[in-house]
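Peer 1: Structure provided below as C-alpha cells; questions to follow.
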Amino acid sequence: MDIGNTNIVLGVYAGEDLIAYWRMSTSPHRMPDELAVLIHSFFSYRSLSFGEIEDGILSCVVPPLLPVFEEFCQRYMEFEPLVVEPGTKTGMRILYDNPQEVGADRIVNAVAAKARYGTPLIVIDFGTATTFDAISRSGDYLGGAIAPGVTVASDALVQRTAKLPRVELVVPSKAIGRNTINSMQSGIMYGYV
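Residue numbers for the sequence shown follow the working numbering, so the first one is 52 and each next one is one higher.
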C-alpha cells in the first residue's frame, strides 16, 4: 500500500505477479472502517477476499494516515503490516546526509527499481512532488532531486498568473503550442520530460 499525498495505490501480488491494483484519493480523515468498506468493494470487483492476503507492506508519506492503515490491516486483513520507514532493512545502503529524511516512497521505489532493472539507474516518480533518485552501480541510494509535481506546478501557474486558465493535463501532439492552452500543456507536460 502506497499512501501518498494525493493518491493511495493498493496492489495485490501472487508471488511476483501483480494481479490487481487500485488507486483512490488520499483523505486524511478516513477511518479504518471506511477503508475496509472501500477496499472490500475493490476486492469484490476482482473476486478477491481479505482472507487471501497473507502479508502487506505500507509506504506512507502522510503521517496521520499510517496508524489508520495499520489498524485496518490488523483488524480486517489480520496481519501486522511491514511499515517502510527510516531504519527498515531493505538491503540498500542509504547514502543521504541524514537517511531519516528520505521518504518511504522514495526508498520503496528505489528498492523495487533496483530489483527489476538492476543498477545503476535513476528512478523518477511523477507524484504530488516529482522525485528523481539515483542508485549507484553497487546498489546504494545516492540521493536525488525533489521538484513540484505536474499538478502542483499547473496549479501554481494558474493561481499566480492573472490570465492563464486551468488546463487539462494531457501531453499535446506538438511541443510548440499555437495557442495558450497547448502552450501551457506543452510547458507543463514536456517541462518534466
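A virtual CB, placed ideally from N, CA and C, is assigned to each residue, including glycine.
Here the structure is a predicted model, which means the values were calculated and not measured.
Please identify the residue among Tyr64, Gly142, Ser100 whose C-alpha is closest to the C-alpha of Ile186.
Peer 2: The shortest C-alpha separation from Ile186 is found at Gly142.
Peer 1: Cα separation between Phe94 and Gly178?
Peer 2: Each residue's Cα considered, the two are about 25 Å apart.
Peer 1: Find the nearest neighbour of Val134 within the set Tyr127, Val119, Arg144, judged by alpha-carbon distance.
Peer 2: Checking every option, the nearest Cα to that of Val134 belongs to Val119.
Peer 1: Is it buried or exposed, Ile54, if we count other Cβ atoms within 10 angstroms and call 16 or more buried?
Peer 2: Answer is buried; the Cβ neighbour count reaches 16.
Peer 1: Does the beta-carbon distance from Val60 to Leu99 come in below 8 Å?
Peer 2: No, Cβ-Cβ distance for Val60 and Leu99 is not below 8 Å.
Peer 1: In this structure, what does DSSP give as the bridge partners for Asp106?
Peer 2: DSSP lists no partner for Asp106.
Peer 1: Whose C-alpha, out of Ala65, Pro115, Met52, is nearest the C-alpha of His80?
Peer 2: Comparing Cα positions, the closest option is Pro115.
Peer 1: For the segment 211 to 231 against the segment 190 to 199, are there 3 or more C-beta pairs whose distance is under 8 Å?
Peer 2: No contact exists between the segment 211 to 231 and the segment 190 to 199.
Peer 1: Please work out which residues of its chain come closer than 6 Å, Cβ to Cβ, to Ala71, disregarding the five sequence neighbours upstream and downstream, and give them in chain order.
Peer 2: Contacts found: Val63, Arg97.
Peer 1: Output the distance between the C-alpha atoms of Ser237 and Thr77, rounded to the nearest integer angstrom.
Peer 2: Going by the C-alpha atoms only, they are around 28 Å apart.
Peer 1: DSSP state of Ala196, grouped into three classes?
Peer 2: The answer is strand: DSSP assigns Ala196 an E or B state.
Peer 1: Skipping 5 residues on each side, what residues in its chain have a beta carbon closer than 8 Å to that of Met82?
Peer 2: Closer than 8 Å at the Cβ level, and outside the excluded window around Met82, lie Val119.
Peer 1: Tell me whether Tyr168 is buried or exposed, calling it buried when 16 or more other Cβ atoms sit within 10 Å of its Cβ.
Peer 2: Tyr168 should be labelled exposed.
Peer 1: Give me whichever residues DSSP pairs with Ile54 in a beta bridge.
Peer 2: According to DSSP, Ile54 bridges with Ile59, Cys111.
Peer 1: Please classify Thr141: does DSSP put it in a helix, a strand, or coil?
Peer 2: Coil at Thr141, not helix or strand.
Peer 1: Evaluate Ser110 with the Cβ neighbour count: other Cβ atoms within 10 Å of its Cβ, from every protein chain shown; 16 or more gives buried, anything less gives exposed.
Peer 2: By the neighbour-count rule (16 or more Cβ atoms within 10 Å), Ser110 is buried.
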